[in-house]
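Data first, discussion second: the structure below is written as structure tokens.
There are 2 protein chains.
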Amino acid sequence: MKEKFAVGIDVGGTTTKFGIVNKSGEILEQARIPSNEHEYVGDFIDHLHSMLSPMIDNVGGIKNMVGIGMGAPNANFYSGTIEHAPNLRWKGIIPVARLMKEKFGIVTSITNDSNAAAMGEMMYGACKGNKHFITITLGTGVGSGIIIDGKIVLGHDGFAGELGHTIIRPGGRLHKTTGLRGSLEAYASATGVRDTAIELLTKYPEQPSLLRDYSINELTSETVYNCAMQGDTVANEIFEFTGQILGESLANFIMFSSPSAIVLFGGLTKAGNLLLNPTRRHMEANLLPIFKDKVKLIFSQLKESDAAILGASALVWE
Amino acid sequence: MKEKFAVGIDVGGTTTKFGIVNKSGEILEQARIPSNEHEYVGDFIDHLHSMLSPMIDNVGGIKNMVGIGMGAPNANFYSGTIEHAPNLRWKGIIPVARLMKEKFGIVTSITNDSNAAAMGEMMYGACKGNKHFITITLGTGVGSGIIIDGKIVLGHDGFAGELGHTIIRPGGRLHKTTGLRGSLEAYASATGVRDTAIELLTKYPEQPSLLRDYSINELTSETVYNCAMQGDTVANEIFEFTGQILGESLANFIMFSSPSAIVLFGGLTKAGNLLLNPTRRHMEANLLPIFKDKVKLIFSQLKESDAAILGASALVWE
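Protein sequence lines, in the order shown, are assigned to chains A and B. Note that the numbering used here has the first sequence beginning at 5, numbered continuously upward. Note that the numbering used here has the second sequence beginning at 5, numbered continuously upward.
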């Protein structure tokens, strides 16, 4: 039997990355194009096709491909459409799966990038073969993908799994994009960490901190990490607080779907144990006894640069 | 083709109810025995068998039965066992599905009563044919059953769906049985409503209220309802607050699994719109736009006296 391959495409707000992936999760070839260079989505797909065709030919042509998987903002698996994505140029409802299939001649499945990340973990990553887990992406925002019985949870309309927008501090910090107060994303994202830093520095004006030497723009999670590693009290409290919020939220998610693992992914995870330890402590403290010490809390093992392509490609393997 | 029937058994802390159910959800015969009269579970099952055998004969004998469904505390669908149920007499891990099958000669499926309630709604109730919904039972405690893709969510170990224990007010009211703080059950249960009444009456000592004429034991959700209907300010605020907590929690559940409906069941729902209106308002206010005005929030249409037997029986229909 000939080896089969999948195309993985990750449509981000700025860049679209794509590549050819084998069943072991190796990316044989990859490239990227800007996402918003083309006014019409048809031109964007033509561009993709011109770039991918030689890659597909290099692995024996279209007959060796199982399909195309695509992760994209506001992508709906059921309808195959991208719906009103705020950071893409094509407005309204774009039937991208159908357009791709017409151009490439093979089946295309789409979902949002967070769901694709979860599929990638199940197919190639830390949760290979696991049928009950949740991935949480801690980046600019907080994304999530939920796997139950080996399937991604999509809900009645395809929009399930928005755990970053669940409320963990009712009436708490304003999340500017959504207008919600006290959502997980308002705290456990890159922006959230910066806001926590500003809050704590303002709350304790007398407390010396290395963080006071940085401008607001420089107060990234990386800066906070570096200061925390130098023993800075405020920086350590920022991770303690972020871990508390995240841990409490994870406890709630566990009592919903009883996963055997939670995989953390994204920029904030570079903080390692500084984030993991308080998260685990607060997660365990808020669980019913029946769930305690059962759920593995781990970091993704996928390379961040590959994960988006891998996750998208995972949509089309049987 | 001969009409088929299912046995439904609901094992409660005090009473076990059981009956013969047809596919339309009619209970043809039913009876009850005490749950904790028998020291050995085998004697309990013998008692059940002696009561159910004539009922089964009345519908044509065992060959017309599709199986036995049982709802019981701490019942695990995967293993068929009741595990360390605090309010039952049989301690440890009881292989009740196997024992039942040996005695009756037909397949027995078990799950906890909240999951059974959800199965009942899908098979016979307000969510007939719906594949994506959540039931919330607002009784002495808060139970939940989650349906995704037409299947009950059990998780990796069979214990998923403990939404009553999710935290909605971190650091909030102590839930005495679990030691958790700020869980949904600490507020939106019969006990929770009483605690809210006491809190508000203590917080506003100058505020006149009909509720002050009742002893603490008399401060049931029914008393609060009656006072609220007479225009009592404190009583109305109790439902407003309970609805706020419940609505915020429901918003979080919706952003997890994107159900098309949430069914409320149990004693507190007798408060009708007094509870439903604030719940819906706070639920909608905490949803992302993509989920707003899409989720039906309804009361169960199953008779409370029948629901437990119906729900259990729903486990065994294909």
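Even glycine gets a Cβ: it sits at the ideal position worked out from N, Cα and C. Predicted, not measured: the structure shown is a model, and the values here were computed from it.
Strictly by DSSP, which residues pair up with residue i?
| i | result |
| --- | --- |
| residue 34 of chain A | A:23 |
| residue 146 of chain B | B:142 |
| residue 194 of chain A | Its beta-bridge partners do not exist; DSSP assigns none. |
| residue 285 of chain A | In DSSP, residue 285 of chain A forms no bridge with anything. |
| residue 15 of chain B | B:20 |
| residue 302 of chain B | B:267 |
| residue 71 of chain A | A:10 |
| residue 85 of chain A | A:80 |
| residue 155 of chain A | A:152 |
| residue 115 of chain A | A:75 |
| residue 97 of chain A | A:87 |
| residue 171 of chain B | B:187 |
| residue 178 of chain B | B:185 |
| residue 137 of chain A | A:151 and A:265 |
So residue i and residue j are supposed to be a Cβ contact under 8 Å. How far apart are they, rounded?
| i | j | result |
| --- | --- | --- |
| residue 27 of chain A | residue 8 of chain A | 7 Å |
| residue 282 of chain B | residue 243 of chain B | 6 Å |
| residue 269 of chain B | residue 139 of chain B | 6 Å |
| residue 168 of chain B | residue 188 of chain B | 5 Å |
| residue 103 of chain B | residue 46 of chain B | 7 Å |
| residue 66 of chain A | residue 110 of chain A | 6 Å |
Could you name the residues of the same chain whose beta carbon sits closer than 6 Å to that of residue i, not counting the 5 residues immediately before and after it, in chain order?
| i | result |
| --- | --- |
| residue 17 of chain A | 91 |
| residue 116 of chain B | 79 |
| residue 295 of chain A | 258 |
| residue 153 of chain A | 135 |
| residue 86 of chain B | 76, 78, 79, 98 and 100 |
| residue 125 of chain B | 131, 139 and 267 |
| residue 303 of chain B | 268 and 273 |
| residue 185 of chain A | 175, 176 and 178 |
Excluding sequence positions up to five away, which residues of its chain have a Cβ less than 7 Å from the Cβ of residue i?
| i | result |
| --- | --- |
| residue 299 of chain B | 258, 263, 264, 265 and 266 |
| residue 229 of chain A | 274, 275 and 278 |
| residue 83 of chain A | 162 |
| residue 216 of chain B | 205 |
| residue 119 of chain A | 149, 156 and 165 |
| residue 271 of chain B | 142, 143, 194 and 225 |
Strictly below 8 Å CB to CB, what residues from chain C border residue i?
| i | result |
| --- | --- |
| residue 241 of chain B | Absent here is chain C; the protein component of the structure consists of chains A and B. |
Identify, in the order they occur along the chain, each residue of the same chain with its Cβ nearer than 8 Å to the Cβ of residue i, setting aside the five sequence neighbours on each side.
| i | result |
| --- | --- |
| residue 128 of chain B | 28, 29, 306, 314 and 318 |
| residue 232 of chain B | 239, 240, 242, 243, 275 and 278 |
| residue 301 of chain B | 254, 265, 266, 268, 280, 283, 284 and 287 |
| residue 202 of chain A | 220 and 223 |
Margin query: To be precise: take each residue of the region 260 to 291 of chain A, compare its Cβ to all Cβ atoms of chain B, and keep it if any distance is under 7 Å. Which residues remain?
Written below: Listed by position, the residues of the region 260 to 291 of chain A near chain B (Cβ gap below 7 Å) are 260, 261, 262, 263, 264 and 290.
Next item on the list: Using a Cβ-Cβ cut-off of less than 8 Å, give me the residues of the region 77 to 100 of chain B that come near chain A, in sequence order.
Entry: none
Notebook entry, point to check: Listed in chain order, which residues of the region 158 to 172 of chain A have Cβ atoms closer than 8 Å to some Cβ of chain B?
Noted result: 158, 159, 160, 161, 162, 163, 164, 165, 166, 167, 169, 170, 171 and 172
Next item on the list: Taking only beta carbons into account, state which residues of the region 127 to 148 of chain A come closer than 9 Å to chain B, listed in chain order.
Entry: 134, 135, 136, 137 and 148
Notebook entry, point to check: Is the region 298 to 318 of chain B close to the region 65 to 80 of chain B, with three or more CB pairs under 8 Å?
Noted result: Counting Cβ pairs under 8 Å, three or more are found: they touch.
Check: Does the region 185 to 199 of chain A come within contact of the region 220 to 238 of chain A, defined as at least 3 CB pairs closer than 8 Å?
Finding: yes
Checklist line | Three CB pairs or more closer than 8 Å across the region 137 to 152 of chain B and the region 46 to 59 of chain B | finding: no
Notebook entry, point to check: Counting pairs of beta carbons, one from the region 91 to 104 of chain A and one from the region 10 to 25 of chain B, are three or more of them closer than 8 Å?
Noted result: no
Checklist line | Contact set between the region 175 to 203 of chain B and chain A, restricted to residues whose Cβ is under 7 Å from the partner | finding: Within the region 175 to 203 of chain B, those residues whose Cβ lies closer than 7 Å to any Cβ of chain A are, in chain order, 182 and 184.
Checklist line | Contact between the region 231 to 243 of chain B and the region 126 to 133 of chain A (3+ Cβ pairs under 8 Å) | finding: Verdict: no, contact absent.
Next item on the list: Please list the residues of the region 294 to 307 of chain A that have a C-beta atom closer than 8 Å to any C-beta atom in chain B, keeping them in chain order.
Entry: 294, 295 and 298
Check: For the region 25 to 48 of chain A, which residues have a CB atom closer than 8 Å to at least one CB atom of chain B, in sequence order?
Finding: none
Next item on the list: Anything in the region 100 to 127 of chain A with a Cβ closer than 7 Å to a Cβ of chain B? List those residues in chain order, please.
Entry: none
Notebook entry, point to check: Contact between the region 283 to 291 of chain A and the region 244 to 258 of chain A: three or more CB pairs below 8 Å?
Noted result: yes
Note to self: Check whether the region 166 to 186 of chain B and the region 302 to 316 of chain A touch, using three or more Cβ-Cβ pairs below 8 Å as the test.
What the structure shows: With the rule of 3 Cβ pairs closer than 8 Å, the region 166 to 186 of chain B does not count as touching the region 302 to 316 of chain A.
Next item on the list: Could you please tell me which residues of the region 61 to 76 of chain A, in chain order, have their CB closer than 8 Å to any CB of chain B?
Entry: none
Next item on the list: Can you give me, in chain order, the residues of the region 208 to 234 of chain B that have a beta carbon less than 7 Å from any beta carbon in chain A?
Entry: none
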